[in-house]
Structures are given as structure tokens and as C-alpha cells.
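First comes the structure, then the notes that go with it.
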Amino acid sequence: MLNPYEAKILTLLIKKHTFWNTSEVARAAKISWNTAEKYLEKMYKRGWLEKKGRAKLLWKAIINDED
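Per the numbering used here, the sequence shown starts with residue 33, numbered consecutively.
The following block contains the structure:
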């Protein structure tokens, strides 16, 4: 079961079909950067997101809206 933050973030990433940085996710979801980072990391560890980069992390949903 997704919590409201996870649902909002995952919906945004699924619809975009491209990589977003943490600031873009936070701004679009209307949440703090720290909250976005926390839930992005949790969803990445669950295998729901792809992550790339080092100094500036980029995130993308692995699942799509047809799953």
C-alpha cells in the first residue's frame, strides 16, 4: 500500500516517462526536498525507481501506467 507521498511522487514519475531530479519532484509534488528525497530513496530500494548520477541524483519510474 502506498502512502500519500509515495502515490503522488510515483504518479508524477510514471506520467513523465523521463528522469527528474529531486528538486523537480519536490516542486511538482508540492513537498519539501527532504521529504521527496526520503520517499524517492524508499521507492528506489523497493525496486520501483531507477536512479542515476552521483552529485545530482536523477529518478525515473521503472513501472509504467500500463502496469
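Backbone N, C-alpha and C fix where the C-beta goes; we use that ideal spot for every residue, glycine too. Note that the structure is a prediction, hence the values are computed from the model and not measured.
Tell me whether residue i is buried or exposed, calling it buried when 16 or more other Cβ atoms sit within 10 Å of its Cβ.
i: Ala87; result: exposed
i: Ala93; result: buried
i: Met75; result: buried
Is the beta carbon of residue i less than 8 Å from the beta carbon of residue j?
i: Lys40; j: Ala58; result: no
Thinking just about the alpha-carbon of each residue, which of the options is nearest to the one in residue i?
i: Asp34; options: Arg78, Lys84, Leu89, Phe51; result: The sequence as given places Leu at residue 34; Asp does not occur at that position. Checking every option, the nearest Cα to that of Leu34 belongs to Arg78.
Suppose the cutoff is 8 Å on Cβ atoms and the five residues either side in sequence are ignored; what does the same chain contact list for residue i look like?
i: Trp91; result: Leu45, Phe51, Trp52, Asn53, Thr54, Val57, Leu72, Tyr76, Leu81, Glu82, Lys83
i: Thr67; result: Tyr37, Ala58
In its own chain, which residues sit with a C-beta less than 7 Å from the C-beta of residue i, not counting the 5 before and 5 after it?
i: Ile63; result: Tyr37
i: Trp65; result: Thr54, Ser55, Ala58
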